[in-house]
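Protein chains in written order, with the working numbering: chain F, 38 to 135; chain D, 441 to 649.
Idealized CB from N, CA, C, for every residue including glycine.
Bear in mind that the values here come from a model prediction, so they are computed numbers and not experimental data.
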């Protein structure tokens, strides 16, 4: 069995990136949120946020649904079960190591 | 202690909650609704002027009922207003349904309202309770600074504390001081929240993603 500090080497780099960790942590605390809300809560630029959301979606950590509320287009984001599992593991590793 | 608070700052969950709290207070609606709640609450203290008549108990009981009802409906109303009129500016979020927390909030609002009513009811027999106003001032001011996450909450929090201290030092009776305290803090909350909301509404809507 590896020591906690050694497990840091195997940490998930997709969510280890600060902006993505912020997005994943936010989405973990809610059921779902749209792009505009995440844009305001994280303070990231729209372009930057869009890139990070795409990476999280590609990794299968987040599901993105495009819909409308009246005339307003909504890009709704939610964590997948895989995303929640990865975040839980990430927290355990960081907590044990630091 | 320092390292513990540092660890909390680094905790992604804590940071996420702080960010959400900030986003929650961005449009000024929580302040406006809190201000209206304080104005309703002041009715409890103003009812003391009716002491001796049967209207006193009726006004006191109906104020308690109004406060509890208001606590229950204000959250959904804020949510509806945001989704109906502000969604393009503040975005959409669906918080997790936390039934135990909702139950605790309901019980707490009932407990606070009933205790407040009992205190107002017994005010004359227990003598001057100016300390109660100071305690309320620090409680409201502290909560604003803790939960607000914006500089303006330091202003409204400090105002609540200063108003409480000034009223406690005044020659006004406890019930009148309490009523005035709720009224002026409520009005300031509504003004500040209204200003924030108007400023938000005057900003151009950004193009969607």
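Any C-beta of chain D under 9 Å from that of residue i
i	result
residue 69/F	yes
residue 73/F	yes
residue 113/F	yes
residue 99/F	no
Residue-chain proximity (residue i, chain F), Cβ-Cβ < 9 Å
i	result
residue 565/D	Annotation note: pLDDT 48 at residue 565/D (below 50); position unreliable, coordinate value reported separately. Chain F, which has no Cβ nearer than 9 Å to the Cβ of residue 565/D, makes this no.
residue 460/D	yes
residue 471/D	no
residue 544/D	no
residue 586/D	no
residue 530/D	yes
residue 541/D	no
residue 592/D	no
residue 491/D	no
residue 523/D	yes
Proximal residues to residue i (C-beta, below 6 Å), its chain only, five neighbours per side dropped
i	result
residue 636/D	468
residue 630/D	472, 475
residue 565/D	Caution is warranted here: a pLDDT of 48 is assigned to residue 565/D, below 50, making its placement in the model unreliable, and no coordinate value can be reported.
residue 59/F	79
residue 111/F	71, 104
residue 51/F	96
Chain F residues whose Cβ lies nearer than 7 Å to that of residue i
i	result
residue 535/D	67, 68
residue 527/D	106, 109
residue 466/D	77
Where the beta strand (DSSP E) through residue i begins and ends
i	result
residue 111/F	109-116
residue 102/F	99-106
residue 70/F	67-71
residue 535/D	533-535
7 Å CB neighbourhood of residue i in its chain, flanking five on each side removed
i	result
residue 553/D	504, 507, 508
residue 464/D	470
residue 117/F	97, 98, 99, 100
residue 587/D	461
residue 653/D	Chain D is shown from 441 up to 649; residue 653/D falls before or after that span and cannot be answered.
residue 457/D	none
Residue i beta carbon near the ligand NAP (any heavy atom closer than 8 Å)
i	result
residue 539/D	Because no ligand of any kind appears in the structure shown, any question about the ligand NAP cannot be addressed here.
Bounding residues of the alpha helix (DSSP H) (the contiguous stretch that carries residue i)
i	result
residue 44/F	41-44
residue 643/D	It is not in any alpha helix (DSSP H) - residue 643/D carries neither H nor E in the DSSP assignment.
residue 525/D	No alpha helix (DSSP H) contains residue 525/D, which DSSP labels as neither H nor E.
residue 583/D	570-588
residue 54/F	Segment: none, residue 54/F is in no alpha helix (DSSP H) and carries neither H nor E.
residue 509/D	494-521
residue 82/F	Where residue 82/F is concerned, there is no enclosing alpha helix (DSSP H), given that its DSSP letter is neither H nor E.
residue 605/D	591-609
residue 474/D	469-486
Proximal chain F residues relative to residue i, where beta-carbon distance stays under 9 Å
i	result
residue 474/D	By Cβ distance, chain F contributes nothing, its closest Cβ being about 21 Å from residue 474/D, past 9 Å.
Contacts around residue i, its chain only, beta-carbon distance under 8 Å, and the 5 residues preceding and following it disregarded
i	result
residue 549/D	507, 508, 511, 512
Neighbouring residues, chain F, relative to residue i (Cβ below 8 Å)
i	result
residue 463/D	74, 77, 78
Using Cβ-Cβ distances below 9 Å, what residues of the region 76-89 of chain F are close to chain D? 76, 77, 78, 79, 80, 83, 86, 87
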